[in-house]
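A.B. asks: In the working numbering, the protein residues as written are 300 to 825.
Just dropping this structure here.
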Amino acid sequence: MEPHALRLVARKVYNEMDDVKHILSGTIDTISPESLLMWDINSMVGKIMEERAPVLSEILKSAAQSDRASRENSVKDISTTCQVIVTQLAKARSNRALYFAAPFALFLWTNGASRQTIEALAKCGLSISFTSLLKLLNKLASRCLDQAAQITRFPHILCYDNINISTSIFVEQRIGAPAKVQSGTFLIVYELSNTNPQHLCLGPMLQHANQATDLTFNGDVRPTNDQVRAFYGQLRIHIIAVLLDVCTSFNGPLGYQDRSDPLLKHEERHKPPKGYKTKQFPLRTSTIDESSISGNIAVINDVYINQVKMTHEQLLDRAIPSINDQSTNARIRGAKLGFGLFHLCMNLIWALLHVHRGSISEPGSLSYFFALLDRSRLGSEHPDYHTLLSTLMQILDGIVLNAWKAECGHSSLSTLAASNPTPTELCNIADKILHNHVTPPHDLPKGKNNDPPTVDVAQRNLQILTRDLLVVHEVICATSDGDFGRIKDMLGYLTMIFRGAGSNNYCAEILHFIYNLKRVWTPEFA
300 MEPHALRLVA
310 RKVYNEMDDV
320 KHILSGTIDT
330 ISPESLLMWD
340 INSMVGKIME
350 ERAPVLSEIL
360 KSAAQSDRAS
370 RENSVKDIST
380 TCQVIVTQLA
390 KARSNRALYF
400 AAPFALFLWT
410 NGASRQTIEA
420 LAKCGLSISF
430 TSLLKLLNKL
440 ASRCLDQAAQ
450 ITRFPHILCY
460 DNINISTSIF
470 VEQRIGAPAK
480 VQSGTFLIVY
490 ELSNTNPQHL
500 CLGPMLQHAN
510 QATDLTFNGD
520 VRPTNDQVRA
530 FYGQLRIHII
540 AVLLDVCTSF
550 NGPLGYQDRS
560 DPLLKHEERH
570 KPPKGYKTKQ
580 FPLRTSTIDE
590 SSISGNIAVI
600 NDVYINQVKM
610 THEQLLDRAI
620 PSINDQSTNA
630 RIRGAKLGFG
640 LFHLCMNLIW
650 ALLHVHRGSI
660 SEPGSLSYFF
670 ALLDRSRLGS
680 EHPDYHTLLS
690 TLMQILDGIV
700 LNAWKAECGH
710 SSLSTLAASN
720 PTPTELCNIA
730 DKILHNHVTP
740 PHDLPKGKNN
750 DPPTVDVAQR
760 NLQILTRDLL
770 VVHEVICATS
780 DGDFGRIKDM
790 LGYLTMIFRG
800 AGSNNYCAEI
810 LHFIYNLKRV
820 WTPEFA
């Protein structure tokens with residue numbers, strides 16, 4: 300009976316794989332950016348196996364795990380393994396069964412796999428060949444460019460930055476030798492949804508620019524009462540969040556029971572709808588160097604004239620927002636600019652490092668805290684951004700926790716947690732911390748008999764450092780939440796911080812943005 304059963308099962312599997320092969324078949328031309336965004340092997344192939352190949356599915360499951368593992372192992376999941384094997388078998392039966400091979404080849408390429416690795420996996424049926432991969436990349440690039448060209452006919456944002464690609468680890472010493480590093484420009488177009496094209500006309504903005512007056516500190520730069528109130532409330536939430544997130548007495552298995560209370564949430568100032576994601580469309584990376592004024596002109600000309608095929612007449616009366624780093628913005632002053640928040644935060648922490656570095660012998664200085672934390676690679680003028688930011692946030696957490704110990708009115712933070720404070724009580728203590736530990740006194744206390752003012756220098760430096768680190772924390776959180784209204788509330792503070800730190804370029808950049816926001820741009824555009 301066994302030979303007959305074997306032939307019966309073999310014929311059954313043969314017929315099942317014929318159906319699977321037809322379903323998974325396709326060509327490189329059928330693969331589009333939209334299909335890749337929807338691609339999911341578990342849902343697609345899993346459903347096919349259940350409906351069209353139940354016998355093969357049972358055979359693979361039996362071969363992949365033992366009966367004991369099937370009953371008891373709740374960690375290991377063999378479904379993906381079996382589904383990949385089915386796609387391999389389909390690829391072996393038909394070279395057009397590309398449902399898994401093509402996306403997996405793109406994954407290998409984007410993660411830097413070598414040509415030999417991709418060719419070896421192609422022989423195993425897991426990938427397409429390297430030659431086919433290059434064809435697929437060209438077709439996908441053309442389709443992405445077509446999508447971007449359609450978006451540029453409507454309101455959009457253009458962003459770009461320099462890119463440096465290493466071409467070889469060896470240096471060829473000959474005439475006409477290729478450069479070791481190829482410099483260029485990487486560009487992305489972002490769609491502006493729910494925007495009236497009439498609000499992006501240049502005419503009204505040019506009229507405003509001709510009639511604009513100078514900025515004043517009291518009227519334009521200094522935060523308004525509403526902005527001060529909102530910013531103060533955001534800092535209060537950060538102070539409480541440090542306690543609830545870092546203190547072990549509050550972040551136990553159950554956590555703080557009133558964490559969802561509205562009093563403990565950030566006030567939304569100008570936040571996109573929940574779940575909203577800005578659609579992005581990459582353009583072709585060019586070899587144009589954007590590190591000069593002529594280079595920026597060439598980049599913009601390449602984008603709109605060469606790549607998306609627009610005419611000068613179509614661009615004549617259109618305002619195109621552009622969000623870039625400070626050096627790029629300085630070279631394209633004619634565009635409708637906004638500063639990049641990542642570059643803003645990076646330059647902000649470097650500026651604060653310059654102001655608060657001090658020395659190891661000065662308590663409250665950053666060098667003092669770096670020594671305590673054994674961070675030895677932060678001594679340069681521009682250290683690694685992520686390492687510096689992580690260290691600064693760790694310092695902020697420690698300072699704030701120490702302030703909670705001093706102001707909570709209990710012998711320890713665990714005792715405070717045991718008392719189960721209400722959100723209102725936490726807010727009141729946070730207000731004390733902001734007043735006593737974050738706000739340096741405006742008027743220094745005078746000594747007796749008209750002596751020079753007496754001041755605890757270490758405490759005052761620590762108050763200023765805590766205030767500045769809270770500003771950094773708010774910039775990061777507001778950016779992460781996508782609430783640009785909170786960034787707008789801080790523009791005056793950021794201007795003063797950069798000016799005080801000697802970062803005149805970024806101070807001028809923010810002032811230029813405020814000038815456009817309040818003097819040049821129409822209210823709808825702003």
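We put the CB at the ideal spot given by N, CA and C, even for glycine.
Being a predicted model, the structure only gives us computed values, none of them experimental.
#1: Can you give me the start and stop residues for the alpha helix (DSSP H) that PRO454 sits inside?
#2: Determine the DSSP secondary structure at GLY801, reduced to helix, strand or coil.
#3: For ALA717, count neighbouring C-beta atoms within 10 Å of its own C-beta (all shown protein chains included) and say buried if the count is 16 or more, exposed if not.
#4: Tell me the DSSP bridge mates of TYR489?
#5: Are the beta-carbon atoms belonging to THR409 and THR484 less than 8 Å from one another?
#6: Could you check the C-alpha separation between ASN722 and ARG568 for me, to the nearest Å?
#7: Just the C-alpha distance for TRP649 and ARG656, rounded to the nearest angstrom, thanks.
#8: Is ILE327 closer than 8 Å to LYS434 when the C-beta atoms are compared?
#9: Pairing CB atoms from the segment 337-352 with CB atoms from the segment 380-394, are three or more of them under 8 Å?
#10: Who are the near neighbours of LEU499 in its chain, counting only those whose CB is closer than 7 Å to its CB and skipping five residues on each side?
#11: Rounded to a whole number of angstroms, what is the C-alpha to C-alpha distance between SER658 and SER548?
#12: Using DSSP with H/G/I as helix, E/B as strand and the rest coil, what is GLY483?
#13: Could you spell out the range, first to last residue, of the alpha helix (DSSP H) harbouring SER779?
#14: Identify every residue that forms a DSSP beta bridge with ALA702.
#15: Taking C-beta to C-beta, are VAL737 and GLN758 nearer than 8 Å?
#16: Using DSSP's beta-bridge definition, name the partner residues of ILE462.
#17: If contacts are defined as beta-carbon pairs under 8 Å, then TYR792 and VAL770 qualify, I think. What distance do you get, rounded to the angstrom?
#18: Is the beta carbon of PRO571 closer than 8 Å to that of GLY781?
#19: Which runs of the alpha helix (DSSP H) spanning at least 4 residues fall entirely within the segment 306-374, listed in chain order?
#20: Who does ALA412 pair with in a DSSP beta bridge?
#21: Comparing C-alpha positions only, which one of VAL312, ILE358, TYR398 and SER373 sits nearest to SER342?
C.D. replies: Judging by the given coordinates:
#1: Unbroken run through PRO454: none, as it is neither H nor E.
#2: Correct three-state label for GLY801: coil.
#3: Exposed, because fewer than 16 other Cβ atoms sit within 10 Å of the Cβ of ALA717.
#4: Beta-bridge pairing links TYR489 to ILE456 and GLN579.
#5: Not closer than 8 Å, so no.
#6: The question names Asn, but residue 722 in the sequence shown is Pro. Computed Cα separation, rounded: 21 Å.
#7: Distance between the alpha carbons of TRP649 and ARG656: 10 Å.
#8: In contact: LYS434 and ILE327 (Cβ atoms closer than 8 Å).
#9: By the Cβ criterion, the segment 337-352 is in contact with the segment 380-394, since at least three pairs of Cβ atoms, one from each stretch, lie closer than 8 Å.
#10: The answer, listed in chain order, is PRO454, ARG617, ALA618 and PHE824.
#11: Taking the straight line from one Cα to the other gives about 34 Å.
#12: Here GLY483 sits in strand by DSSP.
#13: 756-780 is the extent of the alpha helix (DSSP H) around SER779.
#14: Answer is none; ALA702 lacks a bridge partner.
#15: No Cβ-Cβ contact shorter than 8 Å links VAL737 with GLN758.
#16: GLY483.
#17: Taking C-beta atoms under 8 Å as the contact rule, TYR792 and VAL770 qualify, at a distance of about 6 Å.
#18: Taking 8 Å as the Cβ cut-off, GLY781 and PRO571 qualify as a contacting pair.
#19: Note on the segment 306-374: whole alpha helix (DSSP H) runs with a minimum of 4 residues are 332-337, 340-351, 353-363 and 366-371, in chain order.
#20: According to DSSP, residue pairing for ALA412 in a beta bridge does not occur.
#21: In this structure, TYR398 is the residue among VAL312, ILE358, TYR398 and SER373 with its C-alpha nearest to the C-alpha of SER342.
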